[in-house]
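Notes follow the structure.
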Amino acid sequence: MDEASTFRVLNREIFLLIALSVGAVGVYAFTKSMATKEQQMDARIAAISYEEGQRQFSSRQTEKAIDSFRKATTDALKDRTYALALANALAAGNHDGEAQQTLLRLREANPEDAEINSELARLAAKRGEVDDAVHYYQNALYGRWAGTGIDDRKLQLRVELIRFLLVHQQRDIALSELLILDADLPRSAVAHVETARLFLQAGDPQHALKNYDAAIELDKDNVDALTEAGEAAFRLGDIPRAEVYLKATVRLNPKIEKTRRLLSVAEMVMSGDPLAPHLTKQEEHERLLRGLTQASHRLEVALSQTTDSREISQLNTLGEQALAMESELHSELSPDSEQTKAGVELIYAIEKATSASTEEPDDFDLALLRIGQKYGGAQP
Amino acid sequence: MSTANLSFMQRLRLRENHIFFALTIIIGILAGLAAVLFTLAIKGTTYLLFGIAPSNLRYILVPTLMSLVTGFLLAKFFPEARGSGVPQIEAAYHLNQGEVPFRVAFGKFLTGVLCIGSGHSMGREGPSVQIAAGIASPIGKWFHLSPVRAQSLVPVAAAAALSAAFNTPVAAVIFALEEIIGDMNATLLGSTVVASVAAVIVERSILGNNPIFHVPAYHLVNPAELIGYLVLGIVGGIVSLAFCKGLLSARLLFHGMPKWTKILQPALGGLIIGVILIFFPQVMGVGYQFVDQAMNGGLLLKTMVLLCFAKLVATIVSYSSGNAGGIFAPSLYLGAMAGGVVGVLMHRFAPFPTGDPGAYALVGMGTLFAGIIRAPMTSVFMIFELTQDYQVLVPLMVANMISYLISRRYQPVPLYRALLEQDYVHMPLPGTRQTTDLWRARDVMTREFTLVSPDSSIQLASAIVAETNAQSLPVGNNGACLGLVTRDQIERALKSGAANDVIGTIVTDNCAHVHPDHPFDLVLDRLAKNPGLLPVLSRNQMNHVEGVITPQSVVQFLQREFEAPTGSGQ
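Heads up: the protein sequence lines correspond to chains A and B, in order. The first sequence runs 5 to 384 under our numbering. The second sequence runs 1414 to 1983 under our numbering.
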């Protein structure tokens, strides 16, 4: 082969390379269009499977729903809705491991997705994995939210987190979440009542009462708010405030026996407190004497019922002190403030000592206990 | 050095290098496109034939009827398209200088789509390799590439096809080197990498960057867990053996049937598959979604045990009955199920903390691949590429090594090679494959020899020996060698008065032989141990004598070589 003919061969090779390249482009375009068509077909099949899965899931056929959602996710690999539905169904069917894997895969692509993180948090919560659950809940709360009613959904999720924390004895984190929740609350009596209850569970009646107040301000006829606010105020020792709420509750729903009784106790505290401000000496004397009489009566009952020698001895000592106090009060018409304070303490000591051995205290006994607590007695 | 200073031949050689490089890219792209089209066509066919929720009748009818069609096509038009495609490509590469007709690619595409799309439990990777090679080989011819270059296009195309079909470009390159070429030091590394990358880019640009599997994060929870992976290796080895032995036995069974049934055998396989599909629709086709489920803890222990067994039987039936499809995907499926089973049991009963069963399913895939395909490096790289996590390497290597050793101990001939031998193709051993620069047996042999019929008399053989002065004579019929008879044997027979006995009575079968591609040093070695004559047997037609090598032919060859400086054997 001479040089010229060899170069003719080489030119043929160049031509062939170009022809192959053009052919490859053509095949690429064809394959791409085939792939697009097939992806569209997959999307249709996935949609059908998803709807079927939804129907099965709502009729509690969880395993069948899982199969349908699986098919939907196989045909539409990147569809977040289908994958989330699959994860939910898997979690409902107790396939927690696979549900978690599904969600983690979704999370890889959307690490800030609130819905994915919240589902992961629920799964971790279901498994009792506190650290993971808190991590995912917080990722969800500070993540990216989509759709409508975001504030409301976010609020519900935080409430869910707080409940989880309270169940798992994480009071401090729960309280900090509650304070954030409190700051973000909408103007809704229901929301304030719910928050107040959570504060109570977390052991913070001050904030609870504040939320009850806010709820009542928004809905003055909200019986739940009024009742629970009365209870919270009573527990805090703010008896005048408790009396106001409880009175309003009884006015709206007189049939609630528990509230009526609490109101009665509150009223007795108000009318029986010898150390209340602005009392005349006469009123102070009368209140102290009335309380002492009630306590002495209860002491007598207790002595008649107990057989424990140590307790009898203790009660006898208290009885002697009560007798001495009574005779003093009968001889003097106006006790000085120190004497009144000592009287209140004695009454509290008797009520407390008798509460263990005698029958259920009546309202006045409860009122006397509350008065004693108010002036330095420990919680009963 | 500038090109102006080069000689004309040097410039030509440089030109061929550039063209080969361009071809590597184009073949990578075309192989990628072919693999993607093949995947799409299988999926579309499956949907078309089965719909969304197929009835039991459909499960029976579709594979049976479609296999009738493919049986006819495979028997009449595309006999080379049966089975996986990988062994055929290995044979083409080592025995036919990489020649694969385009007709094979077309036939494989058509029958592969129909077989796998109609529910046969087979993989798409092996067929993709054969299709790609069937595209690359004619292209090499169009460009009048040198034989070595044309042969090189086959592993290049194989790497590209596997890269696109399985979405693991590195493992695809390793597979081409380890399995197709049989030499990890091959000089084709660069070309296979280029083609593999080109193919995977094409695949991802069309199908998106979606992984085949959703691989869970891998954790080796406790070093003691390696005991679990050792157990997995043993289980993997046993399952691999069961699969290999079962497949080879079932294939022998089908081969033993009357010749006229060959056209109907795929349909018989289809009928059995239909029955299996009624009870286990999860074993249909490639089945990667269930591999995914096993890896992600979505299957119960009992389900995985049943699926492992059902897939094993279904794949053996589909393959041995002569349908078109591979065993790459089924081996991964079996591995995921077997691994999942071991994982669940370890999780329940191991006295130390263990990882999720999904991790075992993942390693199990590589374990079965190492045991069945016998490509341990590919299996390690494949799983490593799927996880992209170094932690998986040690457990993976432990399990793969055990499985590989068990499989090799009890099934000495690798599955692909054993399948070829059942088709009367004798592949060269790895040690003798890559000797392109040496003299070969075909260069040394002489085609001038007399094949003595076993029915001839010893007297006649004695006369031939006396006339040719040969030390041994090949004995056989119709070009097929049955054995050798030596001058000593003939003389002893004559002395004992058996001159009129037939030569078949004293012939030595299982005699030493070589194949045309065997290197010169092996020829000398065997000739030294069996003095006189070495028959050169064909690899494509077992026992067919292509020539003989005698001490005289060796001397003549060497004389030729030293007289002609540009020796023909080079």
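Just so it is clear, CB atoms sit at the ideal spot from N, CA and C, and this is done for glycine as well.
* **the region 27 to 40 of chain A: positions lying closer than 7 Å to chain B by Cβ** => Along the region 27 to 40 of chain A, the positions whose C-beta sits under 7 Å from a C-beta of chain B are A28, V31, Y32, T35, K36, M38 and A39, read in chain order.
* Is there a Cβ from chain B that is less than 7 Å from the Cβ of Q105/A? -> By this cut-off, Q105/A is an interface position.
* Run of the beta strand (DSSP E) containing I1962/B, from where it starts to where it stops -> In the DSSP assignment, I1962/B falls within the unbroken beta strand (DSSP E) covering V1958 to I1962.
* Asked: DSSP beta-bridge partners for P1887/B?
  -> Note: P1887/B sits in a beta bridge opposite L1897/B.
* **Beta-carbon neighbours of I49/A, restricted to chain B and to distances below 8 Å** => Within chain B, the residues placing a beta-carbon under 8 Å from that of I49/A are Y1460 and I1465, ordered along the chain.
* **Closer than 7 Å to chain A by CB, I1432/B** => I1432/B counts as touching chain A.
* Curious, which full-length alpha helix (DSSP H) runs of at least 4 residues does the region 1759 to 1790 of chain B contain? -> Those alpha helix (DSSP H) runs which fall completely within the region 1759 to 1790 of chain B and span 4+ residues are 1770 to 1785.
* By how many angstroms is the C-alpha of A306/A removed from the C-alpha of S313/A? -> Looking at the backbone, the Cα of S313/A and that of A306/A are separated by about 13 Å.
* Asked: Who pairs with A1737/B in a beta bridge, going by DSSP?
  -> BP columns for A1737/B point to G1496/B.
* To do: Please work out which residues of its chain come closer than 6 Å, Cβ to Cβ, to A1906/B, disregarding the five sequence neighbours upstream and downstream, and give them in chain order.
  => Once the five neighbours on either side are set aside, the close Cβ partners of A1906/B are I1871 and I1919.
* Asked: Buried or exposed: which applies to Q1678/B, given that a residue is buried once 16 or more other Cβ atoms fall within 10 Å of its Cβ?
  -> Q1678/B is buried by the Cβ-count criterion.
* To do: Please name the residue in A47/A, F168/A and L94/A whose C-alpha comes closest to that of K68/A.
  => For the residues A47/A, F168/A and L94/A, the minimum Cα distance to K68/A belongs to L94/A.
* **R1905/B in three-state terms, based on DSSP** => Residue state, collapsed to three classes: helix.
* **Pairwise C-alpha distance: V1567/B and I1438/B** => Distance from the CA of I1438/B to the CA of V1567/B, rounded to the nearest whole angstrom, comes to 13 Å.
* Asked: Does DSSP put D117/A in a helix, a strand or coil?
  -> Note: D117/A maps to strand in three-state DSSP.
* Could you please tell me which residues of the region 86 to 100 of chain A, in chain order, have their CB closer than 9 Å to any CB of chain B? => Result list: L94, H99 and D100.
* Touch check for the region 1764 to 1781 of chain B and the region 1738 to 1755 of chain B: three-plus C-beta pairs under 8 Å? -> Touching, per the Cβ criterion.
* To do: Kindly provide the ranges of any beta strand (DSSP E) runs that are 3 or more residues long and lie completely inside the region 25 to 62 of chain A, ordered along the chain.
  => Within the region 25 to 62 of chain A, no run of beta strand (DSSP E) at least 3 residues long lies entirely inside it.
* To do: Taking only beta carbons into account, state which residues of the region 1692 to 1710 of chain B come closer than 8 Å to chain A, listed in chain order.
  => Residues are counted here when their Cβ sits less than 8 Å from a Cβ of chain A; for the region 1692 to 1710 of chain B these are Q1702, Q1706, N1709 and G1710, given in chain order.
* Reduced DSSP secondary structure (H/G/I, E/B, other) of S1604/B -> Three-state result, S1604/B: helix.
* **G1588/B versus L1713/B - alpha carbon distance** => A small fix is needed here, since residue 1588/B is Phe in this sequence, not Gly. F1588/B and L1713/B have their C-alpha atoms spaced approximately 33 Å apart.
* To do: Please state whether DSSP places L1713/B in a helix, a strand or coil.
  => L1713/B: coil per DSSP, three-state reduction.
* State the CB to CB distance for the pair A1578/B and G1441/B, rounded to an integer number of angstroms; the pair is presumed to be in contact (CB under 8 Å). => Contact between A1578/B and G1441/B does not hold, since the beta-carbon distance rounds to 13 Å and is not under 8 Å.
* Using a Cβ-Cβ distance under 7 Å, would T77/A count as near chain B? -> Chain B, which has no Cβ nearer than 7 Å to the Cβ of T77/A, makes this no.
* Asked: Under a CB-based cut-off of 7 Å, is E198/A close to chain B?
  -> Answer no: the Cβ-Cβ gap between E198/A and chain B never drops below 7 Å.
* Tell me, please, whether the CB atom of V1985/B is closer than 7 Å to any CB atom in chain A? => Nothing in the structure corresponds to residue 1985/B, since chain B is present only between 1414 and 1983.
* Asked: Which same chain residues, not among the five before or five after L1971/B, have their C-beta less than 7 Å away from its C-beta?
  -> Taking C-beta separations shorter than 7 Å and ignoring five residues to either side along the sequence, L1971/B has no partners in its chain.
* To do: Would you tell me roughly how many angstroms separate the C-alpha atoms of L213/A and M272/A, rounded to the nearest one?
  => Each residue's Cα considered, the two are about 22 Å apart.
* Just to confirm, are V31/A and L1745/B a CB contact at a threshold of 7 Å? -> Contact flag unset, no.
* Beta carbon proximity, F1556/B to chain A, threshold 7 Å -> Chain A, which has a Cβ nearer than 7 Å to the Cβ of F1556/B, makes this yes.
* Asked: When we look at the beta-carbon of A1585/B and count the other beta-carbons within 10 Å, is it buried (16 or more) or exposed?
  -> With 16 or more other Cβ atoms within 10 Å, it is buried.
* Asked: Which residues of chain B have a Cβ atom closer than 8 Å to the Cβ of S25/A, listed in chain order?
  -> Taking a Cβ-Cβ cut-off of 8 Å, the neighbours of S25/A in chain B comprise I1439, given in sequence order.
* **Spatially closest choice to N1430/B from P1514/B, H1557/B, R1537/B and M1759/B, by CA coordinates** => Nearest of P1514/B, H1557/B, R1537/B and M1759/B to N1430/B, Cα basis: H1557/B.
* Any C-beta of chain B under 7 Å from that of R175/A -> Chain B, which has no Cβ nearer than 7 Å to the Cβ of R175/A, makes this no.
* Residue of N1953/B, Q1501/B and G1698/B minimising C-alpha distance to A1546/B -> Nearest C-alpha to A1546/B: Q1501/B.
* Asked: Helix, strand or coil: which one does DSSP assign to E1976/B?
  -> E1976/B falls in the helix class under three-state DSSP.
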